[in-house]
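Residue numbers 0 to 307, in numbering that gives the first Met the number 0, belong to the letters of the sequence shown in order.
A virtual CB, placed ideally from N, CA and C, is assigned to each residue, including glycine.
As structure tokens, the structure follows; a few thoughts come after it.
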Amino acid sequence: MPTKWAINKAVKASSLPSPSRLIMFALSDSADKDTAVVPEEHAPSLRQIAEWTGLGKATVARHLDLLEESGWLERERPSIEAARSEHAKTNYRLSIGHVSERDMPMSQSETCSDESMSQSGTSHVSERDKGMSQSGTVPLFPDHYQISPDHSSSENATTTKTKRRRRAKSKPKPPPDRPDVERICTHLADRVEANGSLRPTVTAKWRESARLLLDRDGRTEDQVMKAIDWCQANDFWRANVKSMPTLRKQYDTLRLHAKRPNGSASRNQLVQHNGMLLKPETVADLERRKRFEAIDAASTQQAIGGTK
């Protein structure tokens, strides 16, 4: 029974394709060093092997079949029912594919006991090993199962192209030119500037909000233009709506305020009061409060004079 060390040595000296080597080394990492059996508690799933090696699950499954057929590993697979109900896993026993240990490129010094190796302090590679590494080892993978490097590279190239196509499709396309969007954005910027503020910059967010107002919210260009004119003529709203995203967010609120009886009050309908522009009803309330305060003060003064 080959040890894990002997199997790793055989894999390194073999003509196995890269995916098969990766799978063997991944399984060997979890295998017992003496028996080369992967303990049941450490037996990986197909998904785990794919994650460890960076290969696709289909590629891992294909190479596991080829490795088993060529004698590099044995699998004990649970029944479908056991896998579902008991979560049973596939058990692996690693081996050396179709080549006996005596045919492996291993020098006598490498097969001696640990004690003799520690005494000698060094190990030597035989001339036979050097010759086999230069001229190629005995094929350890059946010819009809050989997978050329070109196949792996072409598979990787295909995967890369597919990923690039997906990324290209996922990139959002720039929105087409929209004269109506530009007119709306420019009109809001003009009105904000006319009110004495710095002229805002029309950004991509502005254009996107204007486009959504028209396309998604179902507003017409004329409706949006009127909303801009109304909010920029209103003392409160022109201080709070200075960008297209804010206009879209507050559009329904603006529309409801504009429908109020006093919603269309302009600057000309305000009255001057103590240096402030106020609504007539506000001025009336202030004057009424002022009269009440004067009456109250007079009553208090009379009460004080009577007590004297």
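- A straight-line Cα-Cα distance of about 15 Å links Gln249 and Gly217.
- Around the beta carbon of Ser196, fewer than 16 other beta carbons sit within 10 angstroms, so the residue counts as exposed.
- Taking 8 Å as the cut-off, the Cβ atoms of Asp31 and Pro38 count as close.
- Here DSSP, grouped into helix, strand and coil, assigns Met275 to strand.
- Burial is judged here by how many other beta carbons sit within 10 angstroms of a residue's own beta carbon; Ser78 has fewer than 16 and is exposed.
- Proximity of the segment 66-80 to the segment 4-24 meets the contact definition, three or more beta-carbon pairs being nearer than 8 Å.
- Put simply, of Thr58, Thr219 and His41 the residue whose alpha carbon is nearest the alpha carbon of Arg92 is His41.
- In the structure shown, Leu15 falls within a coil segment according to DSSP collapsed to helix, strand and coil.
- Inter-residue distance for Thr252 and Ala203 is about 24 Å (C-alpha atoms, whole angstroms).
- Less than 8 Å separates the beta-carbon of Pro1 from that of Ala35.
- One alpha carbon belongs to Trp205, the other to Met243, and they sit about 5 Å apart.
- Assigned with DSSP and collapsed to three states, Glu73 falls in strand.
- Put simply, the backbone Cα of Asp189 is about 14 Å away from that of Lys225.
- For a cut-off of 8 Å, the C-beta gap from Ala209 to Val180 is around 5 Å, short enough to register as a contact.
- In the DSSP assignment, Leu93 falls within the beta strand (DSSP E) that extends over Asn90 to Leu93.
- DSSP, read as helix, strand or coil, puts Val36 in strand.
- Buried is the label assigned to Ala9, since at least 16 other Cβ atoms lie within 10 Å of its Cβ.
- A distance of 8 Å or more separates the beta carbons of Arg76 and Thr58.
- By the Cβ-count criterion, Lys289 is exposed, with fewer than 16 other Cβ atoms from all chains shown falling within 10 Å of its own Cβ.
- By the beta-carbon neighbour count (other beta carbons within 10 angstroms, threshold 16), Thr52 is buried.
- Around the beta carbon of Ile227, 16 or more other beta carbons sit within 10 angstroms, so the residue counts as buried.
- About 7 Å separates the CB atoms of Ser94 and Ile6; that is less than 8 Å, so the two are in contact.
- Assignment of Pro244 by DSSP, reduced to helix, strand and coil, places it in the helix class.
- Rounded to whole angstroms, Ala193 and Arg237 show a C-alpha spacing of 11 Å.
- The alpha carbon of Arg247 has as its nearest neighbour, out of Ile183, Asp64 and Met275, the alpha carbon of Ile183.
- Separation of Thr245 and Val191 (C-alpha to C-alpha, rounded to the nearest whole angstrom) is 13 Å.
- By the 16-neighbour rule on beta-carbons within 10 angstroms, Gln231 is buried.
- It is roughly 51 Å from the alpha-carbon of Lys258 to the alpha-carbon of Ala302.
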